[in-house]
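K.L.:
Before we start, here is the structure in question, set down as structure tokens.
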Amino acid sequence: MILKIVLIVFLILAICFSFVLIWGAPYLPTLKKQVKAALDLAELEKGNKIIDLGCGDGRLLIAAAQRGFNGVGYELNPLMFLIAKVRTIRYRKQVKIIFGDFWTHQWPKADAVYVFLLPRLMKKLDQKIIKEGCQDSKIISFAFKFPARRPIAENQGVFLYDFNK
Ligand SMILES: C[S@@+](CC[C@H](N)C(=O)[O-])C[C@H]1O[C@@H](n2cnc3c(N)ncnc32)[C@H](O)[C@@H]1O
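Residue numbers (the numbering used here): 1 to 165.
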């Protein structure tokens, strides 16, 4: 019986973490140093909004809320969505976690967009950012660059882009 339950839990976890690969990147958290670097690069002001495309456990949005920013996170992995939702409860006036695929959602207007995805998604993401009219937002990517663009700044492997340049 116990073995059956363990197997079922394992199967559910495996499904949660692997099906996301069809639409995007697997869960891997941004480290504390890079979260700080991303928010420093963004140079936002209190009340500004940042979107995290695939927000994982919500850590970037929590750090953003602690600096007085507002945040919206999309998350497709149901388990990570629940974790992010619970972790951001105390910041619920500032942070909104949305369950779903950021490719198919219409994004709110934001001052910055943060991503930590995969190299193979960066070209498609470039087009989606333009489609969503986010060229004026600060675009920040951890680890992976947009193939057709040059970052205007870099810190700790986090790249900042100005899509108007
Ligand atoms: C590499 S992790 C980054 C997590 C978080 N942004 C961070 O930096 O700590 C990528 C996250 O994006 C989520 N994800 C991947 N594709 C997605 C999609 N199309 N829509 C929403 N979430 C997605 C994954 O489930 C995963 O949690």
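All C-beta atoms in this analysis are idealised placements derived from N, C-alpha and C, irrespective of residue type, glycine included.
Just so it is clear, the structure is predicted and the values come from calculations on it, not from any experiment.
From I129 to F99, what does the alpha carbon distance come to, in whole angstroms?
P.N.:
19 Å
K.L.:
Give me the DSSP bridge partner(s) of L160.
P.N.:
According to DSSP, which records beta bridges pairwise, L160 is partnered with I140 and A153.
K.L.:
Nearest to A64 by alpha carbon, out of K96, A153 and N164?
P.N.:
Ranked by Cα distance from A64, the options K96, A153 and N164 are led by K96.
K.L.:
At 4 residues or longer, and completely inside the stretch 47 to 103: list those alpha helix (DSSP H) runs for me, N to C.
P.N.:
59 to 66 and 78 to 87
K.L.:
Determine the burial state of L140: buried for a count of at least 16 other Cβ atoms within 10 Å of its Cβ, exposed for fewer.
P.N.:
Contrary to the premise, residue 140 reads as Ile rather than Leu in this sequence. Its Cβ being crowded by 16 or more others within 10 Å, I140 is buried.
K.L.:
On a CA-only basis, which of K123, N164 and K131 is nearest F146? Give me that one, please.
P.N.:
Of K123, N164 and K131, the residue nearest in Cα terms is K123.
K.L.:
Once the 5 residues before and after Q94 are set aside, which same chain residues still bring their CB inside 6 Å of it?
P.N.:
So the qualifying residues of the chain are A65 and N70.
K.L.:
Is it the case that the CB of E154 approaches a heavy atom of ligand 1 more closely than 7 Å?
P.N.:
no
K.L.:
Please report the residue range of the alpha helix (DSSP H) in which A38 lies.
P.N.:
K32 to A42
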